[in-house]
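Visitor: Just so we're on the same page, this note's numbering is the position in the sequence shown counted from 1, plus 5. C-beta: ideal position from N, C-alpha, C; glycine also. I'd like to ask some things about the structure below.
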Amino acid sequence: MTDQTEQSRPPMTRLLLVLVPLAVMLGAFVWIASLDPLRGFNNGAPPVEALTVERTILDGSGISLSVRAGGSEAMVVAQVAVDDAYWTFTQEPAGPIARGEAVWLRIPYPWVLGEAHHVNLLTNTGATFGHEIGVAVSTPSPTWGQLRLQAVIGAIVGLLPVALGLMFYPAMKGVGRSGMNFLLALTVGLLAFLLIDTLSEAMELSAEAAAIFQGSAMVWLAALASFLLLMAIGRWRGNPEGIALAFYIALGIGLHNFGEGLAIGGAFAAGSAGLGTFLVLGFALHNVTEGIGIAAPMLRARPTLWTFAALTLLAGGPAILGMWAGSLAYAPQWSALALAVGAGAILQVMVEVSAYLVRQNADRQAALMSPAVLVGFLGGIAFMYATAALIKI
């Protein structure tokens, strides 16, 4: 009876039933703000202040810092000291820094190549915020030459290994049931490592972000939202299989590689990317298995060469885009957000590949506990772990 009464109400009545509580809530918030009930507890203490350095640029003009305010009120940077000596500085844009706002501080300090420098920011309330420059090196300028070099490195660590992994597709076609189970479990294993690695990197970066972004909560919520959204899209027309499932795997890996590219690009922008040949080879070897994992669900399909090209571009291309974005506009919170979205995509792919593995076997429980599945899953994790040791510095 109640449901029928609710449905019989005209649209205007239902709209008013929503707007009236919203109007009352808004009025209550305005009244509380104007009343300022905590005014009586004010004992003259200065406001809570927070200042986070998001980016450092060293060039011929000195030191430039991108800082973001996170205090309870607008902040004013009154003085800047470098290595215990006060220096003149300019602020862009000038004036008090509102909560959540980011500004540039330009300090004409003659930094010394290879030396460590300590910057101390002093506000008008007397609060101080320190920033350490471990090793002073000139920040590379984003020239076309630099962008082309980053594209080459991004192709080597992103596109090339995925393409090499997909080249194993003809050799994988002849595997039987156990071989198919092994390859699918191998895919789940390497994705499991990527999931843990992506989340750990996202949490590390979120810790460097301003408190206003609520780093850890942002990472978990973004990962959850990404997972649920991709699950809804993937199940829109049933369970993805074959080439469709391969594209979902490539998408998840591509989002992960975009986040990795952001971090590498940020290191380029900071002038601290020591990507030697051995390190680049380590990245490439680490990512070869991704191509094998993408190819595994397509063993019973007939993909075209264009399909392989599209999968390679989807999985490896974002590494180049991430490096460009990271070198031009790096901030820890955006890198953490990108990695969190990638983590959610990887989890969605793990669920879909696991479900596909179960559907391919009549005796599901026996298949999941079979030696082929266990060896494949643990082997995928072990290979990714071993090759990751080559790229950790």
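1. If you draw a straight line from the C-alpha of Pro145 to the C-alpha of Trp109, how long is it?
2. From what residue to what residue does the alpha helix (DSSP H) around Glu246 run?
3. Measuring CA to CA, which of Thr148, Thr93, Gly271, Trp225 is closest to Ala207?
4. The beta strand (DSSP E) with Gln87 in it runs from where to where?
5. For Phe134, which of helix, strand or coil comes out of DSSP?
6. Using only alpha-carbon positions, find the residue among Gly349, Pro113, Glu213, Ile297 that is nearest to Val72.
7. Taking contact to mean 3 or more Cβ pairs, one atom from each stretch, closer than 8 Å, check whether the segment 124-136 and the segment 72-87 are in contact.
8. Across which residues does DSSP place Arg60 in a beta bridge pair?
9. When the distance is taken between beta carbons, is Pro113 closer than 8 Å to Gly296?
10. For Gly65 and Ala107, I'd like the C-alpha separation in whole angstroms.
11. Do Ile254 and Ala306 have their C-beta atoms closer together than 8 Å?
12. Write down the C-beta distance between Gln155 and Trp329 rounded to the nearest angstrom, noting that I regard them as a contact closer than 8 Å.
13. Who pairs with Ile112 in a beta bridge, going by DSSP?
14. So the candidates are Leu333, Ile325, Ala343, Ser375; which of them puts its Cα closest to the Cα of Ile161?
15. With a CB to CB cut of under 6 Å and the five nearest residues on each side skipped, what residues in its chain are close to Gly381?
16. For a minimum of 4 consecutive residues, which ranges assigned as the alpha helix (DSSP H) are wholly contained in the segment 304-371?
17. Give the secondary structure of Val124 by DSSP, where H, G and I count as helix, E and B as strand, and everything else as coil.
18. Quick one: give me the first and last residue of the alpha helix (DSSP H) that Glu97 is part of.
19. Quick check on Ile386: does DSSP put it in helix, strand or coil?
20. With distances taken from CA atoms, which of Gly67, Ala268, Ser39 is nearest Val142?
21. Quick one: Cα of Ala415 to Cα of Phe218, how far?
22. Would you tell me roughly how many angstroms separate the C-alpha atoms of Ser375 and Tyr361, rounded to the nearest one?
23. Using only CA atoms, which one of Pro302, Ala121, Gly170, Pro15 lies nearest to Leu290?
24. Could you name the residues of the same chain whose beta carbon sits closer than 6 Å to that of Val378, not counting the 5 residues immediately before and after it, in chain order?
25. Which same chain residues end up closer than 6 Å to Ala331 when comparing Cβ atoms and leaving out the 5 residues on each side of it in sequence?
26. Is Ala377 helix, strand or coil by DSSP?
27. How would you write the range of the beta strand (DSSP E) that Ala90 sits in, first residue to last?
28. Within 10 angstroms of its Cβ, does Gln353 collect 16 or more other Cβ (buried), or is it exposed?
29. Pull up the distance between the alpha-carbon of Leu56 and that of Val124, whole angstroms please.
30. Please report the straight-line C-alpha distance between Ser221 and Ser211, rounded to a whole angstrom.
31. Output needed for Leu256: all residues of its chain with C-beta closer than 7 Å, excluding positions within five of it in sequence on either side, in chain order.
32. Output the boundary residues of the alpha helix (DSSP H) element that contains Val170.
33. With H, G and I counted as helix, E and B as strand and the rest as coil, what does DSSP make of Ala55?
34. With C-beta atoms as the reference, is Gly239 less than 8 Å away from Gly347?
35. Where Arg111 and Ser69 are concerned, what is the direct C-alpha to C-alpha distance, given to the nearest angstrom?
36. Which same chain residues end up closer than 8 Å to Ala121 when comparing Cβ atoms and leaving out the 5 residues on each side of it in sequence?
Guide: With the structure as the only source:
1. Your numbering for residue 145 matches position 140 in the sequence shown. Your numbering for residue 109 matches position 104 in the sequence shown. Annotation: Pro145 to Trp109 spans about 18 Å, alpha carbon to alpha carbon.
2. Sequence index remark: in the sequence shown, residue 246 carries index 241 (1-based). Glu246 -> no alpha helix (DSSP H), and no H or E assigned at all.
3. Numbered from its first residue, the sequence shown carries residue 207 at position 202. Selected option, being the one with the closest Cα: Trp225.
4. For the purposes of this step, residue 87 is taken as residue 82 along the sequence shown, with counting starting at 1. Checking the displayed sequence, the identity of residue 87 turns out to be Val instead of Gln. Val87 -> beta strand (DSSP E) spans 82-87.
5. Translated into positions along the sequence shown, residue 134 becomes position 129. Here DSSP, grouped into helix, strand and coil, assigns Phe134 to strand.
6. The count along the sequence shown starts at 1 and reaches residue 72 at position 67. Out of Gly349, Pro113, Glu213, Ile297, Glu213 has the C-alpha closest to the C-alpha of Val72.
7. The segment 124-136, when compared against the segment 72-87, does touch it at the 8 Å Cβ threshold.
8. Stepping through the sequence shown from its first residue, residue 60 is reached at position 55. Its beta-bridge partners are Ser71.
9. Taking the sequence shown and counting its residues from 1, the one referred to as residue 296 is at position 291. Taking the sequence shown and counting its residues from 1, the one referred to as residue 113 is at position 108. Contact: no.
10. Numbered from its first residue, the sequence shown carries residue 65 at position 60. Numbered from its first residue, the sequence shown carries residue 107 at position 102. If you take the alpha carbons of Gly65 and Ala107, they lie about 23 Å apart.
11. Residue numbering aside, residue 254 sits at position 249 when the sequence shown is read from its first letter. Residue numbering aside, residue 306 sits at position 301 when the sequence shown is read from its first letter. No. Outside cutoff.
12. Position 150 of the sequence shown, counted from the first residue, corresponds to residue 155. Position 324 of the sequence shown, counted from the first residue, corresponds to residue 329. At roughly 6 Å, the Cβ-Cβ gap stays under 8 Å, so Gln155 and Trp329 are in contact.
13. In the sequence shown, residue 112 corresponds to position 107, counting from 1. According to DSSP, which records beta bridges pairwise, Ile112 is partnered with Ile68.
14. Within the sequence shown, residue 161 is the residue found at index 156, counting from 1. Ranking Leu333, Ile325, Ala343, Ser375 by Cα distance to Ile161 puts Ile325 first.
15. Stepping through the sequence shown from its first residue, residue 381 is reached at position 376. The answer, listed in chain order, is Phe187, Ala190, Leu191.
16. Complete alpha helix (DSSP H) runs here, min 4: 310-333, 337-364.
17. Here residue 124 refers to the residue found at position 119 of the sequence shown. Correct three-state label for Val124: strand.
18. Numbered from 1 along the sequence shown, position 92 holds the residue referred to as residue 97. Counting along the chain, Glu97 falls outside any alpha helix (DSSP H), though it belongs to the beta strand (DSSP E) covering 95-97.
19. Locating residue 386 in the sequence shown gives position 381, counting from the first residue. It is helical.
20. Here residue 142 corresponds to residue number 137 of the sequence shown, with the count starting at 1. Here the closest residue by C-alpha is Gly67.
21. The requested residue 415 does not occur in the structure, where the chain is confined to residues 6 to 398.
22. For the purposes of this step, residue 375 is identified with residue 370 of the sequence shown, where counting begins at 1. For the purposes of this step, residue 361 is identified with residue 356 of the sequence shown, where counting begins at 1. Cα to Cα, Ser375 sits roughly 16 Å from Tyr361.
23. As a first step, residue 290 must be located in the sequence shown, where it is residue number 285. Ranking Pro302, Ala121, Gly170, Pro15 by Cα distance to Leu290 puts Gly170 first.
24. Position 373 of the sequence shown, counted from the first residue, corresponds to residue 378. Excluding sequence neighbours, Val378 sits near Asn186, Ala190.
25. The residue labelled residue 331 in the question sits at position 326 within the sequence shown. The identity of residue 331 in the sequence shown is Gly, whereas the question assumes Ala. Counting only Cβ-Cβ distances below 6 Å, and skipping sequence neighbours, we find Leu267, Gly270, Gly271.
26. The sequence position of residue 377 within the sequence shown is 372, counting from 1. Under the three-state reduction of DSSP, Ala377 is assigned to helix.
27. The sequence position of residue 90 within the sequence shown is 85, counting from 1. Unbroken beta strand (DSSP E) run through Ala90: 90-92.
28. The residue given as residue 353 occupies position 348 in the sequence shown. Buried.
29. Within the sequence shown, the letter at position 51 stands for residue 56. Within the sequence shown, the letter at position 119 stands for residue 124. Spanning the two alpha carbons is a distance of roughly 13 Å.
30. By 1-based counting over the sequence shown, the position of residue 221 is 216. By 1-based counting over the sequence shown, the position of residue 211 is 206. So the two alpha carbons sit approximately 6 Å from each other.
31. Along the sequence shown, read from residue 1 onward, the residue named residue 256 stands at position 251. Only Leu319, Ala350 meet the Cβ criterion.
32. Position 165 of the sequence shown holds residue 170. Per the sequence presented here, residue 170 reads as Gly, with Val not at that position. Unbroken alpha helix (DSSP H) run through Gly170: 165-171.
33. Position 50 of the sequence shown, counted from the first residue, corresponds to residue 55. DSSP places Ala55 in coil when its eight states are reduced to three.
34. Within the sequence shown, residue 239 is the residue found at index 234, counting from 1. Within the sequence shown, residue 347 is the residue found at index 342, counting from 1. For Gly239 and Gly347, no; Cβs fall outside 8 Å.
35. Translated into the one-based positions of the sequence shown, residue 111 becomes position 106. Translated into the one-based positions of the sequence shown, residue 69 becomes position 64. When rounded, the distance between both Cα atoms is 5 Å.
36. Here residue 121 refers to the residue found at position 116 when the sequence shown is read from its first residue. For Ala121, where only same-chain residues beyond five positions count, the Cβ hits under 8 Å are Glu137, Ile138, Gly139, Val140, Ala141.
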